[in-house]
Amino acid sequence: MVLVWLRDFYRDFAAPGLAATLQAFLGVGEESPYAAAAGEPGHASSAGGGSREWSSLVLVKDVMRRVLDDRLALLAGHAAYIAPAPPAPPPAADAPGGERAFRLLQLSPGDVARELTLQASRLFFAVPYGEFLACARLLAAHAPELGCPARLAALEHRIPPRAALRALAEGARRVANWVASAIVSEPEGSARVALIALFLRVADHCHQLRDFSTLAAVWAGLTSPAVRTLAKSCAEALRDPETLTLYAHLSQLCGAAAGGEPRETGALRAAMQAHEDVPCVPLLDPLLADLARVHGDCGAPDTTPQGLLHLSKARRLAAALKRITRHQHWRYNFPPAPHVARYLSDPLVLEPAQLLARARACE
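Everything in the sequence shown is counted per this note's numbering, starting at 4 for the first residue and increasing by one.
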C-alpha cells in the first residue's frame, strides 16, 4: 500500500512531517536493512520460515527507502520548476493597439505557444491533490444549478482566492480574453486577419506540445462572441487554405458550445488519454467531471457513521484522480523565450462589454 502511495501520489510527501515519519520508519540514513540482514548473522533469527519472512520484510523496506529517495528528489525538482520566475522587464513603452499588434505579429507562433505552455504547466504542477478533490465536490454539489456538465470557470468564484486551482482557472481565462482583446483592439483589417491566423497557429502548436488547457483557452478566445462579430475579418482569414485547414482541425478537436466556450469531444479526450509518459497540461473540465460523477453515482459520504472508509468509493476516486495527477510527473524542459515573456508580461485585456463594443465599431 505504501509503495502504491509513493508511486502514484508521492506529492503528499512534500509535507515535511509525513516524509520525516516515513524516513524514520524506514531507517533512512542508516545502513540498508537488507544488506545488514544478509551480512550479519544476528539478523537471521532462525533457519527456515522465520529467516525468509525477515529477509522479505527488510527487502521490502529497502525497496521503499529507494523509492522514497527517488520521489523526494522528484519533489525537489518540481519545487524548482514551479518557483516564481524573475519578472520579465516590462515593454519599453505603453504602445497603442496597432504597435502592440505589430510586435505580436513579429513573434513566432511556436515561441508564443511554448511560453504559454510553460506558464500553464507551472500553474498545473502547483495544484495539490486535495484541491482537485475539493473542486470535484463543489462540482457535484452545484451541478443542478450550473447545468451538466458543470465547468471549472463557473465555480471559479467559489474556490478560495489563494488556491492554486483558482490561479490555473484565472490563467486560462486571461489567455482567452487576451486573444480576443488582441484581435478586436486592432484597427486595421489586414492586421486582424493576420492575428486570427497567428492565434490558430499558436493553438496548433499548443496541441503539438500537449498543452490542452492553453489550446482550449486560445480556441475560446478565437470563438468568443466579440471575435465572431468580426465576420469580414474571419471570412478573409479563412480564405487561406492552410488557415482554413487549421480551423477545421481545431474545430473538430475542441468543438464549441453556445457562447464560444470549448466543450469536451471524443477526439479531445482521446488525445489527452494518449499521453501518459510525456509532459502534458490537460483540460481539467472533463477530468474533474469524472471525479464529480463518482460523488454523484455513489451518493454516499466518504466515511461510514463508524468512521470507516467507503472502499469502493475511495477506489473510484483514486482512479479518477490518478488520471489527472499522472500528468504532474513530467516537466517540460525547453528553455523560456525572454522576448516572448517580456511581451506577455503586459497583455492587453479588455472587459467583455468593451470587446463587443469595439468589435461592432470595427465591422
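Think of the CB as a built atom: it goes at the ideal place given N, C-alpha and C, for glycine as much as any other residue.
Would DSSP call residue i helix, strand or coil?
i	result
residue 343	helix
residue 214	strand
residue 246	helix
residue 24	helix
residue 349	coil
residue 337	coil
residue 276	helix
residue 164	coil
residue 258	coil
residue 2	Residue 2 falls outside the range modelled here, since the chain spans only 4 to 366, and no answer is possible.
residue 159	helix
residue 109	coil
residue 332	coil
residue 239	helix
residue 173	helix
residue 18	coil
residue 292	helix
residue 193	helix
residue 233	coil
residue 188	coil
residue 364	helix
Within its chain, find whatever has a CB closer than 6 Å to the CB of residue i; leave out the 5 residues flanking it on each side and keep chain order.
i	result
residue 183	224, 227, 229, 230 and 358
residue 320	297
residue 213	278 and 283
residue 249	203 and 207
Is it the case that the CB of residue i approaches a heavy atom of the ligand HEM more closely than 6 Å?
i	result
residue 366	The ligand HEM is absent from the structure shown, which contains no ligands of any kind.
Per DSSP, residue i is paired with what?
i	result
residue 297	Partner(s): none; residue 297 has no beta bridge.
residue 130	For residue 130, which the question treats as bridged, DSSP gives no partner whatsoever.
residue 120	For residue 120, which the question treats as bridged, DSSP gives no partner whatsoever.
residue 284	214
residue 312	306
Thinking just about the alpha-carbon of each residue, which of the options is nearest to the one in residue i?
i	options	result
residue 221	364, 213, 181 and 237	181
residue 82	208, 127, 281 and 314	127
residue 338	65, 67 and 120	120
residue 238	200, 113 and 318	200
residue 194	107, 296, 113 and 251	107
residue 290	143, 69 and 166	143
residue 72	362, 198, 26 and 111	26
residue 255	276, 233, 218 and 360	218
residue 211	346, 278 and 174	278
residue 366	138, 233, 354 and 165	233
residue 355	187, 253 and 309	187
residue 316	294, 21 and 284	294
residue 326	286, 204 and 162	286
residue 189	275, 115, 205 and 236	236
residue 174	309, 253, 249 and 122	122
residue 18	67, 69, 132 and 313	132
residue 330	136, 67, 20 and 130	130
residue 257	245, 274 and 24	274
residue 216	308, 309, 361 and 171	171
residue 372	141, 306 and 198	Missing from the structure shown is residue 372; the chain here goes from 4 to 366 and no further.
To which residues of the same chain is residue i closer than 7 Å at the C-beta, ignoring the five residues directly before and after it?
i	result
residue 352	177, 180, 181 and 184
residue 113	208
residue 109	none
residue 118	339, 340, 343, 344 and 347
residue 139	291, 294, 295 and 298
residue 134	166, 167 and 168
residue 116	205, 208, 209 and 212
residue 270	255 and 256
residue 246	200, 203 and 240
residue 306	312 and 313
I'd like the list of long-range same chain contacts for residue i, defined as Cβ closer than 8 Å, with 5 residues on each side in sequence excluded.
i	result
residue 272	289
residue 169	159, 162 and 163
residue 363	232
residue 196	236, 239 and 240
residue 243	200
residue 361	187, 188, 229 and 353
Can you confirm whether residue i, when its beta carbon is compared against all beta carbons of chain B, has any partner nearer than 7 Å?
i	result
residue 198	The structure shown contains no chain B, having only a single protein chain.
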